[in-house]
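*Asks:*
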Amino acid sequence: MDGFILLLIFVIVFAAIMLLTTYSKRNCEYDERQLAIRAEGYKRGFFIMLVMTGMLCIINEARISVPFDNNFFLFAAMMLSVDVYAIHAIENGAFFSVNEKGLSYIVMVAIVIIANAISAAGHIIDGTIKSDGKLMFDNGGCNLILLVGFLLMLTVFIHKYIKERKGYEES
1 MDGFILLLIF VIVFAAIMLL TTYSKRNCEY DERQLAIRAE GYKRGFFIML VMTGMLCIIN
61 EARISVPFDN NFFLFAAMML SVDVYAIHAI ENGAFFSVNE KGLSYIVMVA IVIIANAISA
121 AGHIIDGTIK SDGKLMFDNG GCNLILLVGF LLMLTVFIHK YIKERKGYEE S
């Protein structure tokens with residue numbers, strides 16, 4: 001029941017943020033440089049997903065024992081490919097459009113981190129995250145992957161912010 005309440009809170013906050021950003025009168029256009037950087041990020045993310053999916057096929061065909069189920073691995077591959085795209089775009093100044101600061105997105109990332117940390121901690125504490133010695137996707141593994149992936153994104157956001165602030169202070 002706690003997971004449902006957290007999910008409901010997340011959905012409400014996410015919907016509110018999306019409505020606010022969708023109906024605001026901001027001009028969210030990317031310049032040519034940003035579009036090229038974003039395209040490169042998409043390409044890198046795609047190839048990461050392709051390689052990881054191939055690895056899972058090889059693992060399954062060779063019947064190699066791994067400490068996670070297939071769904072956990074596939075979701076981790078998807079999150080890794082999203083992180084590769086996001087990190088590339090953030091570090092090169094192409095994640096947000098020209099006139100966008102991205103505060104609402106950063107707040108949403110923080111909310112996702114908090115909600116998944118609470119849920120993952122609950123599954124770890126009650127011991128349901130593992131079944132038959134494997135990390136399970138549906139028993140908290142999903143929350144663990146999202147927690148790590150979004151923490152990585154938030155860390156890159158903070159790093160980029162500090163780097164930009166330092167650059168402005170020096171000039």
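Each residue of the sequence shown is one higher than the one before, counting from 1 in this note's numbering.
Where a beta carbon is used, it is the ideal one built from N, C-alpha and C, also for glycine.
These numbers come from a predicted model, not from an experiment.
Quick one: residues in its chain with C-beta nearer than 7 Å to the C-beta of D31, no 5 flanking neighbours on either side, listed in chain order?
*Replies:* Leaving aside the five residues that flank D31 on each side, the residues in its chain whose CB is nearer than 7 Å to its CB run, in chain order, V98.
*Asks:* Kindly indicate the opening and closing residues of the alpha helix (DSSP H) around V66.
*Replies:* Unbroken run through V66: none, as it is neither H nor E.
*Asks:* I believe F68 touches K134 by the beta-carbon criterion, under 8 Å. Please report the beta-carbon distance rounded to the nearest angstrom.
*Replies:* Sure, about 6 Å apart at Cβ, within 8 Å.
*Asks:* Quick check on DSSP: helix, strand or coil for K130?
*Replies:* strand
*Asks:* To the nearest angstrom, how far is the alpha carbon of A89 from that of L147?
*Replies:* 20 Å
*Asks:* Let's see if you can read the secondary structure: which residues bound the alpha helix (DSSP H) around N60?
*Replies:* Membership of N60 in the alpha helix (DSSP H) is indicated by the continuous run 32 to 61.
*Asks:* With a threshold of 16 other CB atoms inside 10 Å of the CB of A86, please say whether the residue is buried or exposed.
*Replies:* buried
*Asks:* Which residues does DSSP pair with L80 in a beta bridge?
*Replies:* Its beta-bridge partners do not exist; DSSP assigns none.
*Asks:* Does the segment 9 to 18 come into contact with the segment 110 to 130, if we say contact requires no fewer than three beta-carbon pairs (one atom in each stretch) closer than 8 Å?
*Replies:* yes
*Asks:* Tell me which residues share the same chain as L152 and place their Cβ nearer than 6 Å to its Cβ, disregarding the 5 neighbours each side in the sequence.
*Replies:* D83
*Asks:* Give the C-beta separation of E91 and K160 to the nearest angstrom, bearing in mind that I take them to be a contact with Cβ-Cβ under 8 Å.
*Replies:* 6 Å
*Asks:* Locate the alpha helix (DSSP H) running through A121, then write down its first and last residues.
*Replies:* 103 to 125
*Asks:* Are M49 and G149 closer than 8 Å when you measure CB to CB?
*Replies:* no
*Asks:* What's the C-alpha gap between D126 and I145?
*Replies:* 18 Å
*Asks:* List the whole-angstrom C-beta distance separating S119 from N143, where the pair is believed to meet the contact cut-off of C-beta under 8 Å.
*Replies:* 4 Å
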